[in-house]
Amino acid sequence: MQVHSDIPLRQFGNKDVRISALGLGGHHLGDAADEVTAMRIVQEAVDGGITFFDNCWEYNLGKSENWLGKGLKGRRDKVFLMTKVCTHGRDASLAMQMLEQSLNRLQTDHLDLWQIHGVAFDNDPDLFIRPDGGAEALMKAKEQGKVRFVGFSGHKHPDIHLKMLNTGFPFDSVQMPLNVFDSQFQSFENHVLPELARRGIAALGMKPISGHGEPVSRGVITAQEALRYAMSLPVATTITGIDSLEVLHQNLAIAQGFAPMSQQEMQALRDRVKPEAGDGRFELYKVSLKFDNPESRLAHDFPIDMRQAETKEMMQAAKNTGHPYPR
Amino acid sequence: MEEEKSNQRGNTVGLVPRRALGRTGMQVSALALGGYHLGSAKNQQEVNDIVARAMEAGVNFFDNAWDYHSGHSESVLGTALKGKRQQVIVMSKVCTHGRGKDLALQQLEESLRRLQTDYLDLWQIHEVIYENDPDLIFRSDGVAEALVKAKQQGKVRAVGFTGHKDPKIHLRMLNFDFPFDTVQMPLNCLDATFRSFEVNVLPVAEQRGLGVLGMKSMGGSGEIVTHGAATPEQALRYAMSLPVSSTISGVDSIQVLDQNLEVAREFRAMPPGEMEALRKRCSRFASDGRYELFKVTKKYDGDVGREQHGFPLAEELPA
Chain A
1 MQVHSDIPLR QFGNKDVRIS ALGLGGHHLG DAADEVTAMR IVQEAVDGGI TFFDNCWEYN
61 LGKSENWLGK GLKGRRDKVF LMTKVCTHGR DASLAMQMLE QSLNRLQTDH LDLWQIHGVA
121 FDNDPDLFIR PDGGAEALMK AKEQGKVRFV GFSGHKHPDI HLKMLNTGFP FDSVQMPLNV
181 FDSQFQSFEN HVLPELARRG IAALGMKPIS GHGEPVSRGV ITAQEALRYA MSLPVATTIT
241 GIDSLEVLHQ NLAIAQGFAP MSQQEMQALR DRVKPEAGDG RFELYKVSLK FDNPESRLAH
301 DFPIDMRQAE TKEMMQAAKN TGHPYPR
Chain B
328 MEEEKSNQRG NTVGLVPRRA LGRTGMQVSA LALGGYHLGS AKNQQEVNDI VARAMEAGVN
388 FFDNAWDYHS GHSESVLGTA LKGKRQQVIV MSKVCTHGRG KDLALQQLEE SLRRLQTDYL
448 DLWQIHEVIY ENDPDLIFRS DGVAEALVKA KQQGKVRAVG FTGHKDPKIH LRMLNFDFPF
508 DTVQMPLNCL DATFRSFEVN VLPVAEQRGL GVLGMKSMGG SGEIVTHGAA TPEQALRYAM
568 SLPVSSTISG VDSIQVLDQN LEVAREFRAM PPGEMEALRK RCSRFASDGR YELFKVTKKY
628 DGDVGREQHG FPLAEELPA
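Sequence lines, in order, name chains A and B.
Under the numbering used here, the first sequence has 290 at position 290, and the numbering climbs by one with no breaks.
Under the numbering used here, the second sequence has 442 at position 115, and the numbering climbs by one with no breaks.
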């Protein structure tokens with residue numbers, strides 16, 4: 001069967017670069033059944049027209065970057081590779097160390113985009129812009145040619161995003177949750193998207209089906225409606241979590257030959273989900289710690305959750321399994 | 328009654344002072360006994376001892392809520408107050424979380440039965456913490472109507488609301504112009520510089536002459552103290568020095584009670600300069616909400632409200 005790479009490409013902010021309208025999320029990649037499955041997801045995604053790959057230093061404590069690096073072997077030049085740094089307010093030197101680790105795991109000598117991860121605490125913008133903070137690391141990595149573009153990401157509150165923008169740092173991209181529920185609760189769509197358009201900064205949407213797809217499993221909305229809504233917003237790409245070939249195929253089907261929703265269609269969907277949108281029940285990343293990884297929690301002295309994937313990996317690291325290499 | 332009053336007057340040494348509860352005409356102790364933690368005490372005897380000892384020290388104000396420990400907190404307080412009801416100010420809270428007036432009045436009957444009394448001095452709407460709560464509370468046939476009715480029926484003397492999440496939600500509640508007598512909110516030395524109830528809500532409540540009840544003086548579970556941001560004495564003194572009617576403090580043992588009483592007996596307010604210095608010193612621990620988890624996580628959001636708002640329960644989503 002002939003595979004056509006007909007996922008629309010969109011401009012990356014005001015830069016002379018185009019990326020696929022659908023991006024592959026790095027966290028869920030680490031949740032795939034095994035390494036071979038993860039590699040196949042990556043390979044089929046590239047062949048299916050996805051060029052934007054998301055990841056993060058702390059996702060599954062490195063597993064996500066490792067598996068993506070393996071999957072991209074021989075395909076690195078076909079993609080726009082992003083990962084994120086997890087200093088969470090700590091020093092620039094730590095950020096540079098994390099960058100080296102990410103490059104090693106991703107088996108490459110440069111990133112197309114390097115973003116500050118998890119800008120989710122009210123004081124993160126102050127910690128970012130302080131002397132010897134994350135901002136200095138972003139500049140340095142760019143100067144050294146290790147990253148082409150820089151940005152930040154967070155899922156907590158539009159005010160925190162606006163505070164980051166108001167530090168005056170020259171960001172190339174900003175990542176945020178964008179879905180139909182967000183449109184009427186502590187809304188990134190209403191408060192951050194227009195500001196990015198004004199500044200020519202690339203907008204990267206995430207959590208199109210609300211993180212773990214709760215509204216879909218509860219029958220409030222279909223996965224197709226959710227993803228189509230998010231992709232119809234004025235964003236460079238919509239990053240979606242894919243942990244199996246089945247989900248990949250489902251999403252590729254939506255993205256290949258994508259036609260945006262009309263304004264009326266979008267408004268009708270907003271109106272329909274209004275009763276479930278007003279208290280954040282389907283946006284737990286805004287109102288709970290659920291999506292805050294232990295790395296960020298520890299840096300801010302917040303309590304950790306033993307059931308989180310990253311926490312479990314941390315605890316596993318203390319066990320001597322008798323194996324020379326993790327299996 | 329008269330004899331009791333004169334006894335107190337004659338023996339004010341070491342007593343917790345009383346303050347006006349807004350414009351209700353009631354006088355409440357500047358330190359109140361929190362109802363939730365009372366339900367965590369070892370057994371009924373310990374609760375009896377805590378309540379008796381608190382009253383000896385001049386505490387007359389007792390907090391509770393319909394959903395605390397699924398009713399256990401109200402039951403143990405009711406038993407401990409047997410024969411003392413007329414000497415105290417009893418508050419409980421209603422937990423409709425968006426549901427209607429009838430359920431609210433049903434919960435009131437349950438609270439009264441557990442507390443072994445036929446009236447409450449103060450009845451408050453519990454956990455106003457979701458952004459759409461004000462709309463749900465003031466919808467027709469909502470819980471606000473139950474407050475009015477209960478007051479008319481003489482089952483409650485005063486009404487108010489409480490919540491621990493965001494000053495904006497409190498201000499929206501107050502903007503509905505409902506005749507609340509009291510408002511309860513987190514007030515502590517970290518709150519002053521982070522999503523602050525002290526800065527944003529307290530002046531509005533004062534201006535309206537509402538009785539203000541402070542809570543979470545140490546962060547909810549002592550986070551402010553156990554992490555070393557402030558000592559228990561500093562934290563409680565700061566909260567009690569604000570212009571509030573009372574500071575509700577959770578007590579689940581005699582030891583914790585004594586720690587609080589040491590500050591509250593013959594309470595002397597912190598000088599403004601000392602308060603400012605403490606706020607300033609604490610601001611570095613305040614700016615991300617790390618020790619005010621009730622504002623920034625689900626940790627302190629009860630299951631009854633989560634269920635009504637379609638959120639995972641605490642067991643599944645602890646914070």
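All residues carry an ideal CB built from backbone N, CA and C; glycine is no exception.
For Leu432 of chain B, the enclosing alpha helix (DSSP H) covers residues 428-441.
Chain B has no Cβ within less than 8 Å of the Cβ of His117 of chain A. Boundaries of the alpha helix (DSSP H) around Ser568 of chain B: 559-568. Per DSSP, the unbroken alpha helix (DSSP H) holding Asp126 of chain A starts and ends at 124-129.
For Gly361 of chain B, the uninterrupted beta strand (DSSP E) segment begins and ends at 358-361.
Looking from the CA of Gly536 of chain B, the closest CA among B:Met542, B:Val528, B:Lys543 belongs to B:Val528. Exclusion of the five residues before and after Glu533 of chain B leaves Val539, Pro570 as the residues of its chain whose Cβ lies within less than 8 Å of its Cβ. Inter-segment contact for the region 490-506 of chain B and the region 84-103 of chain A is absent: fewer than three beta-carbon pairs are separated by less than 8 Å. Here Ala202 of chain A is bridged, per DSSP, to A:Ser173.
Closer than 8 Å to the CB of Glu295 of chain A there is not a single CB belonging to chain B. DSSP places Gln115 of chain A in the strand class (E or B) of the three-state scheme. Our two residues, Glu593 of chain B and Ala359 of chain B, have alpha carbons roughly 15 Å apart in a direct line. Counted as a single uninterrupted DSSP element, the alpha helix (DSSP H) harbouring Ser93 of chain A occupies residues 92-106. Proximity to Asn166 of chain A across A:Glu195, A:Ser244, A:Ala45, A:Leu68 peaks at A:Glu195, based on C-alpha coordinates. As computed with DSSP, Arg18 of chain A is found in a beta bridge with A:Gln11. When A:Asp77, A:Ala318, A:Ala309 are compared, the shortest CA-CA separation from Leu61 of chain A is found for A:Ala309. Within chain B, no residue has its beta carbon less than 8 Å from that of Val216 of chain A; the closest one is some 14 Å off. Nearest C-alpha to Ala485 of chain B among B:Leu501, B:Ala471, B:Thr509: B:Thr509.
Apart from the 5 residues on each side of it in sequence, Arg228 of chain A sits with its Cβ closer than 7 Å to the Cβ of Ile254, Met261 in its chain, given in chain order.
Proximity of chain A to Asp615 of chain B at the Cβ level (cut-off 7 Å) is accounted for by Phe121, Asp122, Asn123, His300, in chain order.
For the set A:Leu22, A:Asp109, A:Asp16, the Cα lying nearest the Cα of Pro234 of chain A is the one of A:Leu22. Each residue's CA atom was taken as its position, placing Val590 of chain B and Ser576 of chain B some 12 Å apart.
For Ser288 of chain A, a Cβ of chain B is located within less than 8 Å of the residue's own Cβ.
DSSP places Gly629 of chain B outside any beta strand (DSSP E), giving it a letter other than H or E. For Gln534 of chain B, the uninterrupted alpha helix (DSSP H) segment begins and ends at 529-534. Rounded to the nearest whole angstrom, the CA to CA distance from Thr83 of chain A to Gln224 of chain A is 27 Å.
Here Asp112 of chain A is buried: its Cβ has 16 or more other Cβ atoms, across all protein chains shown, within 10 Å. Two segments are said to touch when three or more pairs of C-beta atoms, one from each, lie closer than 8 Å; by this definition the region 312-325 of chain A does not touch the region 625-645 of chain B.
The contact set of Pro645 of chain B on chain A, defined by CB atoms closer than 7 Å, consists of Asp305 in chain order.
Just measuring C-alpha positions, the residue of B:Gly555, B:Glu454, B:Leu501 sitting nearest Pro513 of chain B is B:Glu454. The C-beta separation of Leu9 of chain A from Arg18 of chain A comes to about 4 Å, placing the pair in contact by the 8 Å criterion. The residues Lys625, in chain order, have a CB closer than 6 Å to that of Leu644 of chain B in the same chain once the five nearest residues on each side in sequence are set aside. Between the beta-carbon of Asp460 of chain B and that of Gly405 of chain B there is about 28 Å, and that puts the pair past the 8 Å contact cut.
The DSSP-derived three-state label of Val374 of chain B is helix.
The beta carbon of Leu620 of chain B lies closer than 6 Å to those of Lys626 in the same chain, with the five residues before and after it left out. Taking the Cα positions, Phe121 of chain A is about 20 Å away from Leu204 of chain A.
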